[in-house]
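From first to last, the protein sequence lines stand for chains A and B.
The working numbering applies: residue 4 is where the first sequence begins, and numbers increase by one.
The working numbering applies: residue 293 is where the second sequence begins, and numbers increase by one.
Glycine residues also receive a C-beta, built at the ideal position from the N, C-alpha and C atoms.
Bear in mind that the values here come from a model prediction, so they are computed numbers and not experimental data.
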Amino acid sequence: MYFVSLTARNVYTRKVRSSLTGIAIAISIAVVVTMGVLTHSLRRTAVSILRTGDADFSVAQKGVSDVIYSSVDEKDVELIRSYEGVENAIGVLVDMTKLDEDHPFFLKLGIPPADLEGFGVQIVAGRKYEPDSQTEMIIGYRAARDLGKTVGDSITIDDDTYDIVGIYATGQVFADAASMTSLVGVQTEERKPGVVTLVFVRITEGADIDGLRSLIEHERPELATVRTESEFGRIDRNLELISAANIGVSALALIIGAVSILNTMVLSVFERTREFGVLRAIGWSRMRVLLCVMMEALVVSLSGAMVGVGAGFIAVEILARSPDLVGVFQPDYPGGVFGRALAIAFGMAFVGALYPAARAALLRPLDAIRHE
Amino acid sequence: MSDGAARPPAVQVFDVKKSFEHGLVKALNGVTLTIGQGEWVALVGPSGCGKSTLLHLLAALDTPTSGRILVNGQDISSLPNQNRYRRFEVGLVFQLHNLLPNLTAIQNVEVAMFGNGLSHGEQGERARGLLEAVSLSHRQKVRPPGLSGGERQRLAIARALANNPSIILADEPTGALDSASAEGVLDLFQRIRAERGVTILLVTHDREVAAAADRIIQMRDGRIVETAASAPAG
Ligand SMILES: Nc1ncnc2c1ncn2[C@@H]1O[C@H](COP(=O)(O)OP(=O)(O)OP(=O)(O)O)[C@@H](O)[C@H]1O
Ligand SMILES: [Mg+2]
Numbered sequence: 004m005y006f007v008s009l010t011a012r013n014v015y016t017r018k019v020r021s022s023l024t025g026i027a028i029a030i031s032i033a034v035v036v037t038m039g040v041l042t043h044s045l046r047r048t049a050v051s052i053l054r055t056g057d058a059d060f061s062v063a064q065k066g067v068s069d070v071i072y073s074s075v076d077e078k079d080v081e082l083i084r085s086y087e088g089v090e091n092a093i094g095v096l097v098d099m100t101k102l103d104e105d106h107p108f109f110l111k112l113g114i115p116p117a118d119l120e121g122f123g124v125q126i127v128a129g130r131k132y133e134p135d136s137q138t139e140m141i142i143g144y145r146a147a148r149d150l151g152k153t154v155g156d157s158i159t160i161d162d163d164t165y166d167i168v169g170i171y172a173t174g175q176v177f178a179d180a181a182s183m184t185s186l187v188g189v190q191t192e193e194r195k196p197g198v199v200t201l202v203f204v205r206i207t208e209g210a211d212i213d214g215l216r217s218l219i220e221h222e223r224p225e226l227a228t229v230r231t232e233s234e235f236g237r238i239d240r241n242l243e244l245i246s247a248a249n250i251g252v253s254a255l256a257l258i259i260g261a262v263s264i265l266n267t268m269v270l271s272v273f274e275r276t277r278e279f280g281v282l283r284a285i286g287w288s289r290m291r292v293l294l295c296v297m298m299e300a301l302v303v304s305l306s307g308a309m310v311g312v313g314a315g316f317i318a319v320e321i322l323a324r325s326p327d328l329v330g331v332f333q334p335d336y337p338g339g340v341f342g343r344a345l346a347i348a349f350g351m352a353f354v355g356a357l358y359p360a361a362r363a364a365l366l367r368p369l370d371a372i373r374h375e
Numbered sequence: 293m294s295d296g297a298a299r300p301p302a303v304q305v306f307d308v309k310k311s312f313e314h315g316l317v318k319a320l321n322g323v324t325l326t327i328g329q330g331e332w333v334a335l336v337g338p339s340g341c342g343k344s345t346l347l348h349l350l351a352a353l354d355t356p357t358s359g360r361i362l363v364n365g366q367d368i369s370s371l372p373n374q375n376r377y378r379r380f381e382v383g384l385v386f387q388l389h390n391l392l393p394n395l396t397a398i399q400n401v402e403v404a405m406f407g408n409g410l411s412h413g414e415q416g417e418r419a420r421g422l423l424e425a426v427s428l429s430h431r432q433k434v435r436p437p438g439l440s441g442g443e444r445q446r447l448a449i450a451r452a453l454a455n456n457p458s459i460i461l462a463d464e465p466t467g468a469l470d471s472a473s474a475e476g477v478l479d480l481f482q483r484i485r486a487e488r489g490v491t492i493l494l495v496t497h498d499r500e501v502a503a504a505a506d507r508i509i510q511m512r513d514g515r516i517v518e519t520a521a522s523a524p525a526g
């Protein structure tokens with residue numbers, strides 16, 4: 004008999020209790036996975052707005068709840084463009100709108116046609132729109148494929164009908180599923196004259212990127228510069244909140260899981276006091292008793308975690324189909340989420356089993372054998 | 293003690309005292325005894341006279357209040373590793389078998405062998421050999437609740453032998469058995485002593501059981517009151 008067989012045997016002997024504990028663990032882990040995937044995916048979606056342009060860093064209004072509400076004066080775009088070390092700065096007005104039930108969050112980017120190349124946009128069919136046209140539009144090749152549209156078709160967004168004059172590709176997934184039209188057109192329609200959402204900044208080679216960023220933030224305190232995903236919270240409070248909720252919920256799940264392990268293992272050790280006393284009397288070391296209890300907790304916890312990861316997957320897929328989230332929430336399963344689920348399962352087993360295991364290990368064998 | 297190279301006695305107890313409850317209960321009041329290698333000694337005496345207490349001290353499950361205990365010449369108050377001692381030097385058999393109810397007969401033997409240096413295969417082999425020695429080969433896969441009282445106690449003896457101890461310490465091993473089963477257990481002790489040369493210290497209330505031993509030590513109130521060669525069973 005292997006030591007793990009003994010562990011499995013002990014867990015199996017208490018089927019009902021082990022299963023109930025496993026379920027508690029599974030629910031905790033499912034929540035962790037769901038929240039983790041949700042947060043990660045929403046972050047990725049949000050970040051991909053920044054990534055629509057091929058830029059070294061982006062500039063947006065500081066502290067808005069959602070990056071889509073950012074408002075930057077076009078004059079500031081000019082100012083940034085004038086800085087030494089800036090190769091190009093492109094202001095883009097982003098509008099997110101409902102196309103139909105399947106596409107509730109369709110992106111429309113307002114950008115001067117002259118800036119398209121600098122923005123990394125390649126026209127793969129048709130042509131660009133005119134600078135002040137309010138009816139011409141180009142759509143990304145993914146959007147074209149998805150919507151079944153091609154050059155010459157028309158598309159209706161928010162009661163406005165556009166002629167599709169071109170198809171483009173950027174190599175950025177998010178941008179290629181979006182549409183672009185003239186900046187003036189979007190500004191007029193959104194009643195946001197002279198305003199853009201984001202500024203995409205490209206620097207000249209060798210320029211001091213950090214220096215530039217502090218210069219911009221110093222001269223325009225209402226603006227924030229963002230370079231990496233982790234800085235994204237500076238211009239998108241919602242994402243920061245979701246991330247915080249994710250951490251909070253994971254911590255809570257860890258505690259709940261650990262407490263249920265604790266509860267089960269305390270009971271199980273108490274019931275087996277005599278058994279552990281006998282094992283110590285026939286030569287088991289304290290360490291082995293400790294290990295025995297810990298392993299049992301680990302088996303329950305990891306089994307629960309496996310079920311939980313599966314349940315988390317299912318929850319994510321259901322969420323992804325919920326009408327409120329289609330479009331913004333495209334599930335993406337980062338390895339880190341599973342790593343974290345595993346780490347939390349280990350953590351729960353360790354934290355939950357430590358006290359009962361230590362208790363079992365520290366029993367005096369004689370007292371334990373006398374225990375009824 | 294004919295020559296200097298002879299093995300030391302299996303057990304030497306020198307003026308051992310043991311009290312509980314801050315000295316209020318004096319379980320042992322100065323016990324001195326010697327048990328030779330391969331000897332079978334029965335320890336008898338009225339309830340509460342300290343038999344189990346002495347056995348527990350010998351098993352290093354408890355420590356004397358004063359006095360010295362040598363097992364195979366080694367002072368067990370200064371053991372470098374108590375677990376090793378309990379595992380390899382002594383084999384314990386209790387009145388209630390104290391087997392693990394959820395493990396099969398053979399697993400109950402194997403459980404004593406974790407980390408004893410044998411490979412998994414060797415452990416299994418030895419466990420099967422021991423079950424054969426206690427005539428339980430046909431019951432390998434049965435769990436203790438499915439065994440008779442005598443079978444359980446024989447299984448407990450197999451477990452006590454799992455790591456080849458030189459001394460078996462048995463506390464009323466036949467106490468819960470009918471006389472036929474008790475006889476089977478005593479035969480088994482007889483056989484393992486003959487085959488393995490183990491030393492046996494057996495605590496009992498029962499005069500007949502005691503008679504199976506080479507020597508009977510009588511205790512009363514925490515002292516040894518009489519030591520006698522057992523009368524040949526008749
Ligand atoms: N842990 C303990 N705490 C307090 N008193 C104890 C403890 N262990 C034993 N005693 C006392 O020590 C005395 C000797 O007990 P012991 O168990 O050795 O007797 P025994 O000879 O084995 O009796 P029995 O035949 O009933 O098993 C008894 O008075 C008992 O109550
Ligand atoms: Mg007793």
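Using a threshold of 9 Å, state whether the C-beta atoms of residue i and residue j are closer than that.
i: residue 379 of chain B; j: residue 306 of chain B; result: no
i: residue 204 of chain A; j: residue 89 of chain A; result: yes
i: residue 4 of chain A; j: residue 403 of chain B; result: yes
i: residue 513 of chain B; j: residue 466 of chain B; result: no
i: residue 491 of chain B; j: residue 449 of chain B; result: no
i: residue 373 of chain A; j: residue 280 of chain A; result: yes
Mind listing the chain B neighbours of residue i? Cutoff is C-beta to C-beta under 8 Å, in chain order.
i: residue 369 of chain A; result: 348, 353, 354
Does any CB atom of chain A fall closer than 9 Å to the CB of residue i?
i: residue 243 of chain B; result: Because chain B in this structure spans residues 293 to 526, residue 243 of chain B falls outside the shown range and cannot be described.
i: residue 418 of chain B; result: no
i: residue 475 of chain B; result: no
i: residue 450 of chain B; result: no
i: residue 412 of chain B; result: yes
i: residue 415 of chain B; result: yes
i: residue 375 of chain B; result: yes
i: residue 398 of chain B; result: yes
i: residue 294 of chain B; result: Because residue 294 of chain B sits at a pLDDT of 46, beneath the cut-off of 50, its placement in the model cannot be relied upon, and the following sentence gives the value as read from the coordinates. Residue 294 of chain B does not count as touching chain A.
Could you tell me the alpha carbon to alpha carbon distance between residue i and residue j, rounded to whole angstroms?
i: residue 42 of chain A; j: residue 245 of chain A; result: 6 Å
i: residue 105 of chain A; j: residue 237 of chain A; result: 31 Å
i: residue 516 of chain B; j: residue 509 of chain B; result: 7 Å
i: residue 396 of chain B; j: residue 433 of chain B; result: 5 Å
i: residue 92 of chain A; j: residue 84 of chain A; result: 5 Å
i: residue 309 of chain A; j: residue 29 of chain A; result: 7 Å
i: residue 451 of chain B; j: residue 342 of chain A; result: 42 Å
i: residue 239 of chain A; j: residue 111 of chain A; result: 19 Å
i: residue 348 of chain B; j: residue 374 of chain B; result: 13 Å
i: residue 485 of chain B; j: residue 331 of chain B; result: 8 Å
i: residue 146 of chain A; j: residue 6 of chain A; result: 57 Å
i: residue 149 of chain A; j: residue 158 of chain A; result: 13 Å
Which residues in chain A sit within 7 Å of residue i, going by Cβ to Cβ distance?
i: residue 402 of chain B; result: 4
i: residue 395 of chain B; result: 12
i: residue 406 of chain B; result: 6, 291
i: residue 384 of chain B; result: 284, 285
Could you check whether the Cβ of residue i sits closer than 9 Å to any Cβ belonging to chain B?
i: residue 259 of chain A; result: no
i: residue 16 of chain A; result: yes
i: residue 9 of chain A; result: yes
i: residue 372 of chain A; result: yes
i: residue 20 of chain A; result: no
Identify the contact partners of residue i in chain B, using a Cβ-Cβ distance below 7 Å as the criterion.
i: residue 278 of chain A; result: 392
How far does the beta strand (DSSP E) with residue i in it extend, from its first residue to its last?
i: residue 111 of chain A; result: 109-113
i: residue 362 of chain B; result: 358-363
i: residue 518 of chain B; result: 515-521
i: residue 508 of chain B; result: 507-512
i: residue 129 of chain A; result: 125-129
i: residue 304 of chain B; result: 303-312
Mind pulling the chain D residues with CB within less than 9 Å of residue i?
i: residue 455 of chain B; result: Here chain D cannot be found, since the structure's protein chains are A and B.
Residue i lies in the alpha helix (DSSP H); which residues open and close that run?
i: residue 397 of chain A; result: In the structure as shown, chain A starts at 4 and stops at 375, and residue 397 of chain A therefore has no counterpart that could be examined.
i: residue 415 of chain B; result: 412-425
i: residue 297 of chain A; result: 289-324
i: residue 215 of chain A; result: 212-222
i: residue 451 of chain B; result: 441-452
Give the residues of chain A in contact with residue i, contact being defined as C-beta atoms less than 9 Å apart.
i: residue 378 of chain B; result: 283, 284, 285, 286, 287, 368
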